[in-house]
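All remarks here apply to the structure that follows.
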Amino acid sequence: MSLEVKVPTVGESITEVTIAQWLKKDGDRVEMDEVIAELESDKATFELPAEAAGILRIVAQEGDTIEIGATICRIEQNGESGGAPAAPAAKQETAAPTATAAAPSAQESAPAAAQGAGETKEMRVPTVGESITEVTIASWLKNDGDHVEMDEVIAELESDKATFELPAEAAGTLQIVAQQGDTVEIGGLLCRIVQGAGASTAKPAAQPSAPAAQQASQPAAAAPSGAQTYASGTPSPAAGKILSEKGINPADVQGTGRDGRITKEDAMGAQSRPAAQPAAAPAAKQETAAAPAASGDRNQRREKMSSLRKTVARRLVQVKNETAMLTTFNEVDMKPIMDIRAKYKDKFKEKHEVGLGFMSFFTKACTVALQEWPAVNAQIDGNDMIFNDFVDVSIAVSSPKGLVVPVIRNAESLTLDGIEKEVIRLAKKARDGKLSIEEMTGGTFTITNGGVFGSMMSTPIINAPQSAILGMHNIVQRPVAVDGQVEIRPMMYLALSYDHRIIDGRESVSFLVRVKELLEDPMRLLLGV
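So the sequence shown is numbered by the numbering used here: it starts at 52 and just counts up by one.
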């Protein structure tokens, strides 16, 4: 019996998909729910599982674009591959005597021993989010050849949105395929784990008997069982590439890694030694020419952009090119809020176990103003405008890996202490690189505070697909007119960048004026007026 497998419905607005790759070949046997192909749309990549066990018959080829509901392959159930599996078996039987005959060669016998010792588990990049198609290997936490346990974290992967931990899917000896710094697509091969106790003994058995090889292997022989050591000064693959680009000899670099190994950070901070000048006749001329260069350090270093940085760059340019972005400004007298904080901050912290900051006042004021001016809380989707009756406020946070924007959900329903607790929780996760994709998607309005870095005024860029962003700046004591008298007040400039396609000038200015009123008279926030 033959079962037709059709392209499933993968999204409300998706009408067709492209076959990115077949993970099984025509004629292969597949099991129920085994992933046999990867499909990609204009929004995301999807896995196609087998709907039954049997023999795969491919209908649509890699690269083909087919509509939802079209037949992509057939599975012949209760059938065999017609002798296809027998050929590989015969190959293996034929290959076995060859491997035996080559037993004197230690290098050739090592792989055979590893294969015979236990099953090899291939680990591929897991699906980590709907719109993520590739990840970068941030770091391997285990070395090639190390013994790993089931569910032990062996690597950190980073996408353009977040960092993920990679746990081992089996216990055994790790064989790294993709190196640190490599960018690998979803489903791509990361490493293999040779399962079974014999896997860890494959390497010692493969040592050649030559005296020179014995000397080279002495450090490894002195290491504890199951561990891999490196000669002091050996660079990691990523460090070796950086040193090569800088033209630096690894022998000139002090390694801080395990067993004195040179890490990526060591290589990035390394500087080349100045070359000795030749003692030739025209030495005086060379010294004269080199004098200007000796007056300062002119080293350069090159770093690969992280996935996060590349995505941020791409999206910012996209927003500038695809929106009619304008910025309107106003200023706020911060004295009323500062007086409230000075008077109640100790009691507030004692009761709620969290400090009373400026962000809770600004967030609360924005949620009130956004409900009065809903266009500022809306977004454009094709030819439609989507208005939200809730306020999910994105808070721009500077993390060690770049700018991230976690979201405070339903901020309109939170109290001041609830907002402060969410801000602290999300900021801590951002600094630790532990934010999930769900915590960084779906915001309706963004607040960014450049004032913490000393910014007096700026024009923030909209966080697409949102339509507006509020920029806070530093507080400066300035002379202002109050009731006909000149007074020194703590003043802050506010900037609202907005998409003029959906937000008119009247709405943007009125929104910012409303935020100013609420901040300069905080009692309005408590009374809701």
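Here a beta-carbon is modelled for each residue, glycine too, at the ideal position from N, C-alpha and C. On a predicted model such as this, the values are computed, not experimentally measured, just so you know.
Rounded C-alpha distance that separates residue i from residue j
i       : j       : result
Thr-379 : Phe-438 : 22 Å
Thr-497 : Glu-463 : 14 Å
Lys-361 : Thr-187 : 12 Å
Gly-114 : Ala-121 : 15 Å
Phe-215 : Ile-539 : 50 Å
Gln-226 : Thr-492 : 35 Å
Thr-224 : Ala-101 : 30 Å
Ile-488 : Glu-373 : 25 Å
Gly-105 : Val-86  : 13 Å
Asn-514 : Leu-569 : 24 Å
Leu-90  : Lys-480 : 33 Å
Ala-219 : Leu-486 : 21 Å
Ala-88  : Thr-66  : 18 Å
Val-419 : Leu-74  : 52 Å
Lys-57  : Lys-452 : 41 Å
Val-304 : Lys-396 : 51 Å
Arg-575 : Gly-232 : 52 Å
Val-228 : Lys-172 : 12 Å
Ile-475 : Val-204 : 27 Å
Thr-414 : Gly-579 : 14 Å
Gly-535 : Asp-384 : 16 Å
Trp-424 : Lys-355 : 43 Å
Asp-195 : Gly-291 : 16 Å
Ala-447 : Val-560 : 22 Å
Ala-267 : Ala-302 : Reliability of the predicted coordinates at Ala-267 is poor, the pLDDT of 39 falling under 50, and no value is obtained from them.
Best match in the options for proximity to residue i [C-alpha to C-alpha]
i       : options                            : result
Thr-96  : Lys-452, Ile-117, Ile-70           : Ile-70
Met-523 : Ile-119, Val-566, Leu-486          : Val-566
Gln-230 : Ala-519, Met-319, Lys-193          : Lys-193
Leu-563 : Leu-576, Leu-577, Tyr-544          : Tyr-544
Met-436 : Ser-518, Glu-404, Leu-421, Asp-390 : Ser-518
Phe-504 : Val-68, Ile-526, Leu-547           : Ile-526
Ile-123 : Gly-408, Val-458, Leu-54           : Leu-54
Leu-377 : Gly-556, Met-507, Val-81, Asn-129  : Gly-556
Ser-357 : Thr-234, Leu-577, Leu-477          : Thr-234
Asn-428 : Leu-465, Ile-183, Gly-494          : Gly-494
Gly-311 : Gly-320, Val-199, Thr-285, Ile-299 : Thr-285
Arg-352 : Leu-359, Gln-422, Ala-318          : Ala-318
Ile-244 : Glu-236, Ser-210, Glu-200          : Glu-200
Extent of the continuous beta strand (DSSP E) run through residue i
i       : result
Gln-536 : 536-550
Gly-19  : In the structure displayed, the chain extends from 52 to 580; residue 19 sits before or after that span and is not available.
Lys-402 : Premise fails: Lys-402 lies in the alpha helix (DSSP H), 386-403, not in any beta strand (DSSP E).
Thr-116 : 116-118
Ser-445 : 444-446
Thr-69  : 67-73
Ala-206 : 204-209
Ala-88  : 86-91
Gly-196 : First-last for Gly-196: undefined, no H or E at that position.
Phe-215 : 214-218
Gly-105 : 105-109
Ile-498 : 496-500
Leu-486 : That residue, Leu-486, is in no beta strand (DSSP E); it is neither H nor E in DSSP.
Glu-55  : 53-57
Range of the contiguous alpha helix (DSSP H) that encloses residue i
i       : result
Phe-409 : 409-423
Pro-100 : Element bounds for Pro-100: not the alpha helix (DSSP H) but the beta strand (DSSP E), 96-100.
Met-574 : 574-578
Arg-565 : 556-571
Per DSSP, cross-strand counterpart(s) of residue i
i       : result
Arg-243 : Glu-173, Gln-226
Glu-185 : Glu-236
Val-531 : Glu-538
Arg-460 : Paired residues: none, contrary to the question.
Ile-437 : Gln-430
Cβ of residue i within 8 Å of any chain B Cβ
i       : result
Ser-357 : Going by chain labels, chain B is absent from the structure shown, which holds only one protein chain.
Cut-off 7 Å between Cβ atoms - residues of its own chain near residue i, not counting five sequence neighbours on either side
i       : result
Cys-417 : Val-444, Phe-496, Ile-498, Leu-521, Val-566
Ala-426 : Ile-553, Ile-554, Glu-558
Arg-175 : Gly-238, Gly-239, Leu-240, Leu-241
Asp-77  : Leu-107, Arg-108, Ile-109
Asp-572 : Pro-387
Arg-392 : Leu-407
Glu-296 : Arg-353
Gln-322 : Asn-350
Contact set for residue i: own chain, Cβ-Cβ below 6 Å, skip 5 residues either direction
i       : result
Asn-381 : Leu-545, Leu-563, Lys-567
Ser-132 : Because the pLDDT of Ser-132 is 44, which lies under 50, any placement of that residue in the model is unreliable, and the number read from its coordinates should be weighed accordingly. Closer than 6 Å at Cβ, skipping near neighbours: Gly-78, Arg-80, Ile-106.
His-403 : Asp-468
Arg-125 : Ser-53, Glu-55, Arg-108
Asn-461 : Phe-441
Ile-183 : Ser-210
Residue i Cβ short of 7 Å to the ligand ZN heavy atom set
i       : result
Asp-443 : For the structure depicted, the ligand ZN is absent and the ligand set is empty, with no information on it obtainable.
Other residues of its chain near residue i: CB distance less than 8 Å, five sequence neighbours each side excluded
i       : result
Val-68  : Val-58, Val-61, Leu-90, Glu-91, Ser-92, Phe-97, Thr-116, Ile-117, Ile-119
Gly-406 : Lys-396, Phe-399, Lys-400, Glu-471
Glu-490 : Pro-457, Val-458, Leu-477, Lys-480
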